[in-house]
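This report concerns only the one structure given below.
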Amino acid sequence: MRHSNKSKKILALFLVLMSGFVIFLAVMLYTALHERDIPSIFSEDTSKAQRGSIVSADGFHIATTQKLYKAVVNTRNIDPDKEELFIQLFSIYSGIDPAEIRQRLHTRKGSVTLSYHISPKEAMYLKTLGFELRRLKVFVEYETSSGQRVLQGLNIIESGEARTYPYGKLLTPLLGYPRKMEEDGYTRVYGIKGLEKFFDEELNPQQNKTQKALRDVNGYLILNKQSDVKHQINGLTVKLNIPITLQARVEAVTDRIKEQLKADEIIATVMDSKTGKIVALASSNRFDPSHIRTADYPSLNTNAIEYSYEPGSVIKPIIFALMLDRGLINPYDMVNGHNGRYTMGRKTIVDEHKFSMISAEDVLVYSSNIGIAQLAQKLNGVEYTEGLKRFGFTHFSGIDLPYEKRGSIPSSAQLNNYLYKAITSYGYGMRANAMQLVKAFNVFNNGGKLINPMVVEALYDDNGRMIPMQVQAPIQVISPATAERMKQILIKTVNEGTGVGAKTPGLEIGGKTGTAHIAKKGKYVNSYHTSFIGFANDGTHHYTIGVAVIEPRTVYFASITAVPVFKGVVDVMVEEKLLKPDPIAAAAAAQAAPKEHH
14 MRHSNKSKKI LALFLVLMSG FVIFLAVMLY TALHERDIPS IFSEDTSKAQ RGSIVSADGF
74 HIATTQKLYK AVVNTRNIDP DKEELFIQLF SIYSGIDPAE IRQRLHTRKG SVTLSYHISP
134 KEAMYLKTLG FELRRLKVFV EYETSSGQRV LQGLNIIESG EARTYPYGKL LTPLLGYPRK
194 MEEDGYTRVY GIKGLEKFFD EELNPQQNKT QKALRDVNGY LILNKQSDVK HQINGLTVKL
254 NIPITLQARV EAVTDRIKEQ LKADEIIATV MDSKTGKIVA LASSNRFDPS HIRTADYPSL
314 NTNAIEYSYE PGSVIKPIIF ALMLDRGLIN PYDMVNGHNG RYTMGRKTIV DEHKFSMISA
374 EDVLVYSSNI GIAQLAQKLN GVEYTEGLKR FGFTHFSGID LPYEKRGSIP SSAQLNNYLY
434 KAITSYGYGM RANAMQLVKA FNVFNNGGKL INPMVVEALY DDNGRMIPMQ VQAPIQVISP
494 ATAERMKQIL IKTVNEGTGV GAKTPGLEIG GKTGTAHIAK KGKYVNSYHT SFIGFANDGT
554 HHYTIGVAVI EPRTVYFASI TAVPVFKGVV DVMVEEKLLK PDPIAAAAAA QAAPKEHH
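Numbering (our numbering), first residue to last: 14 to 611.
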C-alpha cells in the first residue's frame with residue numbers, strides 16, 4: 014500500500030514538471046513567433062534637401078530657402094508638477110509668449126504642436142532643450158490602455174521650407190515668385206513666374222539626406238562602416254549676370270521718371286553688346302515676392318518680354334539697314350519730304366519736322382515718317398518679312414525667362430502692298446516686345462551679329478562646380494560694313510537729331526527715338542508708348558540700352574520721356590565704372606559747350 018502511494022506521488026510530480034515544461038515551451042514559441050515592442054538598436058535620421066538660391070553677379074543672395082520646423086510635445090508625458098518649468102524654458106528658447114504655450118498645452122490631451130514656424134537656429138536650441146528636459150525629468154512615462162509604456166518628450170520636426178527675399182522688391186518682376194505646395198505633410202516651394210519658374214527644375218532639391226545606423230542609449234546615431242548614408246543634394250544655385258548695385262540704381266531712375274511722367278510703367282534694359290549678358294533689367298513696377306497683395310497683380314509680369322506693342326519709329330533703323338545691306342539705298346540719296354505732309358493712297362502721312370528734300374540718312378536722324386515710307390517701297394514683300402525675321406522679330410528672343418510674347422509682323426503678301434510697306438516702316442501694323450527691340454538694335458553695336466540676351470551667367474552645385482549656360486552661336490544678320498554705317502547714323506541721331514538729350518561727353522552714344530499711338534478696342538487713342546534704344550561705348554566696353562515708357566501722361570515725345578531715362582542709366586553706369594568716358598574728349602566737349610547755339 015505504501016509503495017503504491019509513493020508511485021502516485023512520483024507520477025504527480027512528473028506530470029507537474031512536464032506541464033511546467035510544456036507551458037515554458039509554449040511561452041517561448043509564442044514569444045518567438047509574435048512581434049514584440051522592444052527598443053530598436055537601429056535608428057534613422059532624415060534631413061530634407063533645399064531649393065537652390067538665386068545670387069547676383071556681385072555675390073548677394075537675392076532668393077534663398079529657409080527650412081521651417083515644428084515643435085511637438087505629448088502633454089501626457091509632462092510631469093504636472095514640472096509643467097510650469099517646461100512652459101518657462103520653452104518660452105525662453107522659442108521666443109513664444111508663456112500664456113500662448115500654456116493655452117496650447119491645454120487644448121487637448123496627447124500630441125500638441127506648439128509652433129509651426131521655427132527657424133533653423135531656434136530648432137537647434139530647442140533640440141538641446143529637449144535633452145535637458147529629459148535630464149531634469151520633466152518628462153515621465155505613461156501607460157496606454159494596452160499596457161504599452163510611452164515616453165516621447167519634445168520633438169523638433171522639419172515641417173517645410175519658406176522662400177525668403179532679403180532685398181524685398183529688388184529685381185522683380187524678373188525674379189518672379191513661388192507657390193507653396195504640401196507634400197506628405199512637408200511644405201515645398203515651386204516657381205510660378207520669372208527666374209523662379211524658368212529654372213524651377215534646376216533650383217529644386219535633388220536628394221534628401223538619410224542616415225540609418227546603430228544608436229546609443231540616448232538615441233544618438235553611431236556612424237560607422239555599417240551605416241547606410243545618403244548625402245543631401247540641394248538644388249543648384251542660379252548666378253545672374255546682374256549686379257545688385259547697378260540694378261538698384263537703374264530701378265531708382267525708372268521710379269523717379271515714372272513719377273514725373275505719371276506713366277504706367279518704365280522698363281530699362283542694359284545688355285553687354287558683345288556677350289549678350291543682361292547686366293540690368295529694371296521695371297518701375299515691382300512687388301515683394303514674400304508678401305504679394307492684390308494691388309501687386311498688375312506688376313507680376315515681366316513686361317520686357319510679356320508685353321508686346323507697336324514699336325513706332327525705333328523700327329526705322331531696322332528697315333533702313335535691310336535696304337542698305339542689299340544696296341537698295343545710299344545714305345546720301347535725296348528723299349522728298351513733301352513739306353511734312355504726304356498722301357499715299359487713302360493714307361495721309363504727317364511729320365513733326367517739315368522738310369522739302371532730305372538725305373536718306375537724315376530720314377533716321379530727324380525721324381521722318383514720310384521719308385522712310387517712300388524708301389521702304391524698294392523692298393519686296395519677301396525681303397521685308399524675311400529681313401524682319403532675321404533681326405529676331407516674331408521669334409523668341411532666347412532670353413532665359415518664361416512666357417515671352419513673340420509679337421507679329423504682316424505677311425509677305427501684305428508687305429507687297431505699298432500701304433503696308435509704308436506703315437510698317439515707321440513701326441505700326443506690327444508688334445514686338447522691348448527685349449526683341451534691344452536684341453535687334455544690338456546688331457548695330459556688334460558688327461552685324463545677332464546674339465541672344467542672357468540673364469543668368471551659370472549654375473553652381475553645392476561643391477562650387479560651375480555648369481555654364483548654353484550659348485547660341487551669333488548669326489550674321491547684316492555685313493559688318495552695314496552695321497558700322499548704321500552705327501554712325503545712330504551716333505549722328507544723338508549728336509544732331511531727336512536723341513540729343515542722350516549725349517554724354519567722352520562716350521560713343523547712338524540711338525533712335527520712337528513714339529507710337531496705343532490702340533484700344535481697335536482704335537488709336539490719345540495715349541502713347543515711347544522708347545529710346547541705343548548704345549553707349551567707351552574704349553573697352555560696349556552696351557546696348559533700351560528704354561520703353563508705357564503711357565506717359567504729362568508729355569509724350571520720346572525725346573523728353575524715354576531719352577532722359579537712357580541718359581540717367583548711362584550716368585549711373587559711369588558712376589559705377591561700367592563705362593569710362595575719355596577724359597580728353599569730355600574736356601573738349603565741355604570747352605565747346607558754351608559756343609554751341611541751342
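Virtual Cβ for every residue (Gly too), placed ideally from N, Cα, C.
Exercise. For the beta strand (DSSP E) that K80 lies in, which residues bound it at each end?
Worked result: Numbered from its first residue, the sequence shown carries residue 80 at position 67. That run of the beta strand (DSSP E) goes H74 to N87.
Problem set entry | R339 versus N393 - alpha carbon distance | To locate residue 339, count along the sequence shown from 1; it is residue 326. To locate residue 393, count along the sequence shown from 1; it is residue 380. Cα to Cα, the separation comes out at about 12 Å.
For this session: Have a look at A84 and S540 and give me their C-alpha separation to the nearest angstrom.
Result: Taking the sequence shown and counting its residues from 1, the one referred to as residue 84 is at position 71. Taking the sequence shown and counting its residues from 1, the one referred to as residue 540 is at position 527. Taking the straight line joining both Cα atoms gives about 57 Å.
Exercise. Which same chain residues, not among the five before or five after R403, have their C-beta less than 7 Å away from its C-beta?
Worked result: Position 390 of the sequence shown, counting from 1, holds the residue named residue 403. Annotation for R403: V490 place their beta carbon closer than 7 Å to its own, counting only its chain and skipping 5 residues before and after.
Exercise. Can you tell which of H351, N349, T543 and A598 has the C-alpha that lies nearest to the C-alpha of A575?
Worked result: Sequence index remark: in the sequence shown, residue 575 carries index 562 (1-based). Closest option to A575, Cα to Cα, is T543.
For this session: Identify every residue that forms a DSSP beta bridge with H555.
Result: Residue numbering aside, residue 555 sits at position 542 when the sequence shown is read from its first letter. Bridge partners of H555: N550.
For this session: Express the C-alpha separation of E589 and H554 in angstroms, rounding to a whole number.
Result: Taking the first residue of the sequence shown as position 1, residue 554 is located at position 541. Taking the first residue of the sequence shown as position 1, residue 589 is located at position 576. Taking the straight line from one Cα to the other gives about 13 Å.
Exercise. Near D277, which residues of its chain fall below 6 Å by C-beta distance, leaving aside the five closest residues on each side in sequence?
Worked result: Working through the sequence shown from its first residue, we reach residue 277 at position 264. Contacts found: I563 and E564.
For this session: Keeping to the same chain, check which residues put their C-beta closer than 7 Å to that of V395; ignore five residues upstream and five downstream.
Result: In the sequence shown, residue 395 corresponds to position 382, counting from 1. Taken in chain order, the residues that qualify are S425.
Problem set entry | Unbroken stretches of the beta strand (DSSP E), 3 residues or longer, contained in the region 468-530 | Runs of the beta strand (DSSP E) lying entirely within the region 468-530 and spanning at least 3 residues, in chain order: 469-473 and 479-481.
Exercise. For the 8 Å Cβ check, are there 3 or more pairs between the region 242-260 and the region 205-217?
Worked result: Yes, they touch.
Problem set entry | Segment contact flag, the region 410-426 with the region 267-282, C-beta cutoff 8 Å, min 3 pairs | They do not touch, by the three-pair rule.
For this session: Please name the residue, chosen from D309, L591, A447 and A602, that lies closest to N508 on a Cα-to-Cα basis.
Result: As a position in the sequence shown, residue 508 is number 495, starting the count at 1. Checking every option, the nearest Cα to that of N508 belongs to A602.
Exercise. For D301, which residues of its own chain have a beta-carbon under 6 Å away from its beta-carbon, when the five flanking residues on both sides are left out?
Worked result: If you number the sequence shown from 1, residue 301 lands on position 288. So the list reads G181 and K182, once near-sequence residues are dropped.
Problem set entry | Cα-Cα separation between L401 and V451, rounded to whole angstroms | Here residue 401 corresponds to residue number 388 of the sequence shown, with the count starting at 1. Here residue 451 corresponds to residue number 438 of the sequence shown, with the count starting at 1. Each residue's alpha carbon lies about 14 Å from the other.
For this session: Assign L294 to one of three DSSP states: helix, strand, or coil.
Result: Counting from 1 along the sequence shown, the entry for residue 294 is found at position 281. Three-state result, L294: strand.
Problem set entry | Bridge partners - N168, DSSP secondary structure assignment | Reading the sequence shown from its first residue, position 155 is the one you call residue 168. Per DSSP, V85.
For this session: Under the assumption that R613 contacts Y322 (Cβ atoms under 8 Å), give the Cβ distance between them as a whole number of angstroms.
Result: Given that the chain is displayed from residue 14 to residue 611, the structure contains no residue 613 and the question cannot be resolved.
Problem set entry | First and last residue of the uninterrupted alpha helix (DSSP H) at V587 | Counted from its first residue, the sequence shown places residue 587 at position 574. Looking at the DSSP string, the run of the alpha helix (DSSP H) that includes V587 is A571 to E588.
Problem set entry | Where the alpha helix (DSSP H) containing I114 begins and where it ends | As a position in the sequence shown, residue 114 is number 101, starting the count at 1. Per DSSP, I114 belongs to the alpha helix (DSSP H) from P111 to L118.
Exercise. Beta carbon of L503, beta carbon of G477: below 8 Å?
Worked result: Position 490 of the sequence shown, counted from the start, is the residue given in the question as residue 503. Position 464 of the sequence shown, counted from the start, is the residue given in the question as residue 477. The criterion of a C-beta distance shorter than 8 Å is not satisfied by L503 and G477.
Exercise. Within 8 Å (strictly less), CB to CB, does V578 reach chain B?
Worked result: The structure shown contains no chain B; it holds only a single protein chain.
Problem set entry | Per-residue burial, Y569 [other beta carbons within 10 Å of its own, 16 or more giving buried] | As a first step, residue 569 must be located in the sequence shown, where it is residue number 556. Burial call: buried.
Problem set entry | Proximity of I385 and F406 at Cβ, strictly below 8 Å | Stepping through the sequence shown from its first residue, residue 385 is reached at position 372. Stepping through the sequence shown from its first residue, residue 406 is reached at position 393. Not a contact, by the Cβ cut-off of 8 Å.
Problem set entry | CB contact flag (S381, M347, <8 Å) | Counting from 1 along the sequence shown, the entry for residue 381 is found at position 368. Counting from 1 along the sequence shown, the entry for residue 347 is found at position 334. A distance of 8 Å or more separates the beta carbons of S381 and M347.
Problem set entry | Cutoff 7 Å; reference H611; Cβ partners in own chain excluding five residues on either side | Taking the first residue of the sequence shown as position 1, residue 611 is located at position 598. With a pLDDT of 35 at H611, under the threshold of 50, the modelled position of this residue cannot be trusted, and the question is left open.
For this session: Grab the span of the alpha helix (DSSP H) containing N455 for me, first residue to last.
Result: Here residue 455 is taken as the residue at index 442 of the sequence shown, counted from 1. From DSSP, the alpha helix (DSSP H) with N455 extends over A447 to N455.
Exercise. Tell me which same chain residues have a C-beta within less than 8 Å of the C-beta of F409, skipping the five on either side of it?
Worked result: Numbered from 1 along the sequence shown, position 396 holds the residue referred to as residue 409. In the same chain as F409, and ignoring 5 residues on each side of it, the C-beta atoms closer than 8 Å to its own belong to E417 and R419, in chain order.
Problem set entry | 8 Å Cβ cutoff met for K462 and V456 | Here residue 462 is taken as the residue at index 449 of the sequence shown, counted from 1. Here residue 456 is taken as the residue at index 443 of the sequence shown, counted from 1. Between K462 and V456, the gap from beta carbon to beta carbon is short of 8 Å.
Exercise. What is the DSSP secondary structure of K593, counted as helix, strand or coil?
Worked result: Working through the sequence shown from its first residue, we reach residue 593 at position 580. The answer is coil: DSSP assigns K593 none of H, G, I, E or B.
Exercise. Can you give, in chain order, each stretch of the beta strand (DSSP E) that sits fully within the region 317-381 and has at least 3 residues?
Worked result: Those beta strand (DSSP E) runs which fall completely within the region 317-381 and span 3+ residues are 347-349, 354-357, 360-363 and 370-372.
Problem set entry | Selected residue, minimal CA-CA separation from V86, among K329, L142 and M31 | Position 73 of the sequence shown, counted from the first residue, corresponds to residue 86. The alpha carbon of V86 has as its nearest neighbour, out of K329, L142 and M31, the alpha carbon of L142.
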